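Beneath this line is the structure, given in structure tokens, with notes to follow.
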Amino acid sequence: MISRGFADQVRDQADIVRIISDYVTLRKRGTNYLALCPFHREKTPSFAVHPTKQIFKCFGCGIGGDVFKFVMEMEGCSWPEAVKTVAERCGIPVPRDAFASTPEIEAQARWRERLLQIYRLAGEFFQACLASERGQAARQYLADRGIRPDLVRRLHLGYAPASWDALTAHLLGRHIRRDEIERSGLVVLREDASGYYDRFRHRLMFPIFDSQGRIVGFGGRALGDEQPKYLNSPDTAIYSKGRQLYGLYQARDGIRRQGFAILVEGYFDYALPFQEGVENVVASLGTALTDDQVRLLGRYTRRVVINYDADPAGRAAMQRNIERLLAGGLDVAVLVLPEGEDPDSFVRRYGVEAYVRLAHSARGYLDFLLDQALAGKDIRSPAARTKALREILPTLTHIPDKVERAASLDHLAERLHLDGRVVREEFRRQSSSESRSPEGGSEMTVTPPGEDMTAAERRLLEILLNCPELCPVVLAEMEPEDQEGLPTAKIFDELRRAGDAPIPYLEWRDRLGENEFLLDLIERALLSDPSASSESLLDEARACVRALRRRRLQRQLDSLQWEIERAKQHGDDVDELLRRKAALARSLMNISPGLSATHRQTQ
1 MISRGFADQV RDQADIVRII SDYVTLRKRG TNYLALCPFH REKTPSFAVH PTKQIFKCFG
61 CGIGGDVFKF VMEMEGCSWP EAVKTVAERC GIPVPRDAFA STPEIEAQAR WRERLLQIYR
121 LAGEFFQACL ASERGQAARQ YLADRGIRPD LVRRLHLGYA PASWDALTAH LLGRHIRRDE
181 IERSGLVVLR EDASGYYDRF RHRLMFPIFD SQGRIVGFGG RALGDEQPKY LNSPDTAIYS
241 KGRQLYGLYQ ARDGIRRQGF AILVEGYFDY ALPFQEGVEN VVASLGTALT DDQVRLLGRY
301 TRRVVINYDA DPAGRAAMQR NIERLLAGGL DVAVLVLPEG EDPDSFVRRY GVEAYVRLAH
361 SARGYLDFLL DQALAGKDIR SPAARTKALR EILPTLTHIP DKVERAASLD HLAERLHLDG
421 RVVREEFRRQ SSSESRSPEG GSEMTVTPPG EDMTAAERRL LEILLNCPEL CPVVLAEMEP
481 EDQEGLPTAK IFDELRRAGD APIPYLEWRD RLGENEFLLD LIERALLSDP SASSESLLDE
541 ARACVRALRR RRLQRQLDSL QWEIERAKQH GDDVDELLRR KAALARSLMN ISPGLSATHR
601 QTQ
């Protein structure tokens, strides 16, 4: 763990423009620097860096933060590693006392380093075995599968010999203690607890690398009748199956160049396409994606093409993973191969060019889901269309972007030959039904953060965050009720507490915790350029406050009108409700283009 004090020192001395320019070509535009985003494919620059505020933001894919966040995303490393990387590039020595630690943390760090050494030695042993006489069967198997020696070397493939203790003996001979081998996960306790035996025996070995190119685990493919056919390393201090993607270390540059990742299921589904030049492919180490794997993919791309086996199990797995990828904010397409084919067999049979064409023309996930739901059914049947609609709508609730969700609903209505209004109403009904409280509370529709924001609210944030000296004046005129229910209410509260003192970006992260939506708003606002005089901006900010107040009063009027209509239906007295409505209407009309109502009363 790096101490916060040292990290702050490095951040203060680092030039974010110089660090980022090592990765992308920056061009000055006003107070910012612009570039094509390195995290997603684009033709028009939407990636901005502010040299004074020391932050970056892509207005296309949404990734933003400080210099450490940029290095973490580009290198796929941890925060302490990013701090050390930036320090080294800036020529800042890393003193020993920069590491904030405890005996427990130090012990864990030592064990992780020891594990990395053990797995490196194991990888070297397996590679040597594959190249030796006892690896003949494994080499023949690879040749039969079309894997060439150059890929064997590139992926560091190996062979675990058919021995109960060959790896154990090798590690003991390299001064690894027996208790360390037992803790490493590379050996298994015998059923009678009389000792251990090697976990991997007579298997083709696929090393799994972390983002820094270190071996952290293995996958072993049986070469005989052993079960299971594929055996993976257990979770350790350096490896978790749900947090890794096979081949990502080798494919990350290809993913950035191509602008998308092809997600396959198995080692050979990865290996053969990769060997033939498809360098933007990764494997999920199983059919069920995890949130950690989705976030890991999101570091390198915003578009994923899923290509699992074309059998029923593979199609079902693709359907399950679509929702998780959508929830992670990724653009999802599906590459469907002919029945009975997988990426490995397809490339061998039809060639890599045919595979690449299919990958680039992969269908959107919605068409894939529709084809699945309508397979073997009569599209003219109202019952079939209704059933398909209800099967697919829950998936669309995972789309965080309002515009994309609306476009998907329209496309769904068009494909099913249904009225768009009916489809949207059914979507709202299902969303409301799913948002019932577990205790059986009343139905409520959950509005995703930011969907209810207006231009006035966003502009007010831009002005106040970039011109903190206006905060005391503007926020004094903003009544507490004006921000009630706003997604940005917490930001306005923090600005009130700060007075006219600017709040640095990093301090916002401390104040808002892990609220990524609010941090995204702040990043976008800080990189905007108000480009006007203080007097003009003050007038504009006051106009924004009035707009928020008018909106609040209009909502109250709408709600009151609904109460009046309901009271009339029940024969209740509505005189008091009408008086309140008249008062609200007068307040709404009296909001002048000058000062707020609260401020006028003090004049």
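Counted from 1, the sequence shown has number 571 at position 571 by the working numbering; the numbering is strictly sequential. Even for Gly, the Cβ is constructed at its ideal location relative to N, Cα and C. It should be emphasised that the depicted structure is a prediction, and the values quoted were computed from it without experimental measurement.
Asked, Found
"Taking 8 Å as the threshold, find out whether the stretch 175-186 comes into contact with the stretch 79-87 through three or more Cβ pairs.", "no"
"Following the continuous alpha helix (DSSP H) through Val187, name the residue where it begins and the one where it ends.", "Element bounds for Val187: not the alpha helix (DSSP H) but the beta strand (DSSP E), Val187 to Leu189."
"Within its chain, find whatever has a CB closer than 6 Å to the CB of Leu34; leave out the 5 residues flanking it on each side and keep chain order.", "Arg27, Pro45 and Ala48"
"Count the C-beta pairs between the stretch 336-343 and the stretch 248-257 that are closer than 8 Å, then say yes if the count reaches three, no if not.", "no"
"Which of the three DSSP states is assigned to Ile147 in this structure?", "coil"
"Taking the C-alpha atoms as reference points, what is the distance between Gly195 and Leu189?", "6 Å"
"So, helix, strand or coil for Pro593, using DSSP?", "Residue confidence is low: Pro593 scores 45 on pLDDT, short of 50, so the model does not pin down where it sits. No coordinate-derived value is stated."
"Just list the residues that DSSP pairs Pro502 with in beta bridges.", "DSSP, once it has assigned bridges, lists no residue as partnering Pro502."
"Determine, using beta-carbon pairs with one atom in the stretch 339-349 and one in the stretch 288-297, whether at least three such pairs fall under 8 Å.", "no"
"Can you look up His50 in the DSSP assignment and give me helix, strand or coil?", "strand"
"On the CB-based measure, 16 or more other CB atoms within 10 Å of its CB, does Gln319 come out buried or exposed?", "buried"
"Can we say the stretch 118-131 touches the stretch 205-218, given the rule of at least three CB pairs closer than 8 Å?", "yes"
"How far does the beta strand (DSSP E) with Lys28 in it extend, from its first residue to its last?", "Arg27 to Arg29"
"Tell me the start and end of each unbroken beta strand (DSSP E) in the stretch 242-312 that is at least 3 residues and wholly inside, in chain order.", "261-264, 281-283 and 303-306"
"Please work out which residues of its chain come closer than 8 Å, Cβ to Cβ, to Pro228, disregarding the five sequence neighbours upstream and downstream, and give them in chain order.", "Ala222"
"How long is the line joining the alpha carbons of Gly224 and Tyr365, rounded to whole angstroms?", "38 Å"
"Do you know offhand how far Ala237's Cα is from Tyr246's?", "18 Å"
"If you drop the 5 nearest sequence neighbours on each side, which residues of the same chain put their C-beta closer than 7 Å to that of Lys43?", "none"
"Given a threshold of 16 other Cβ atoms within 10 Å of its Cβ, counted over all protein chains shown, does Ser533 qualify as buried or as exposed?", "exposed"
"Measuring alpha carbon to alpha carbon, tell me which of Ala456, Asp235 and Phe492 ends up nearest Ala541.", "Ala456"
"Please give me, in chain order, every unbroken run of the alpha helix (DSSP H) with length at least 4 that falls completely inside the stretch 65-103.", "67-75 and 79-89"
"Could you compute how far the alpha carbon of Val282 sits from the alpha carbon of Ile322?", "16 Å"
"Can you tell me whether Asn515 is helix, strand or coil according to DSSP?", "coil"
"Spatial neighbours of Gln372 within its chain, please: CB distance less than 8 Å, with the 5 preceding and 5 following residues excluded, ordered by chain position.", "Arg315 and Gln319"
"Start and end of the beta strand (DSSP E) containing Lys57?", "Ile55 to Cys58"
"In the stretch 372-409, which residue ranges form an unbroken beta strand (DSSP E) of at least 3 residues, counting only runs that do not cross its ends?", "none"
"When DSSP labels each residue in this structure, what does Tyr23 get in the three-state scheme?", "coil"
"Measuring alpha carbon to alpha carbon, tell me which of Glu507, Leu272, Glu535 and Ser284 ends up nearest Asp144.", "Leu272"
"Name the DSSP beta bridge partners of Gly364, please?", "Ala333"
"What are the partner residues of Pro207, as DSSP defines its beta bridges?", "Phe218"
"Can you list, in chain order, the stretches of the alpha helix (DSSP H) that have 4 or more residues and sit fully within the stretch 530-577?", "534-569"
"Using alpha carbons as the reference points, say which of Glu75, Ser381, Ala375 and Ala413 lies closest to Leu393.", "Ala413"
"Hey, how far is the Cα of Asp165 from the Cα of Phe200?", "10 Å"
"Quick check: what's the CA-CA separation for Glu353 versus Asp235?", "38 Å"
"Just confirm the distance between the C-beta atoms of Ile63 and Glu73, as a whole number of angstroms; I'd bet it's less than 8 Å.", "6 Å"
"Compute the Euclidean distance between the alpha carbons of Asp493 and Leu519, then round it to the nearest angstrom.", "15 Å"
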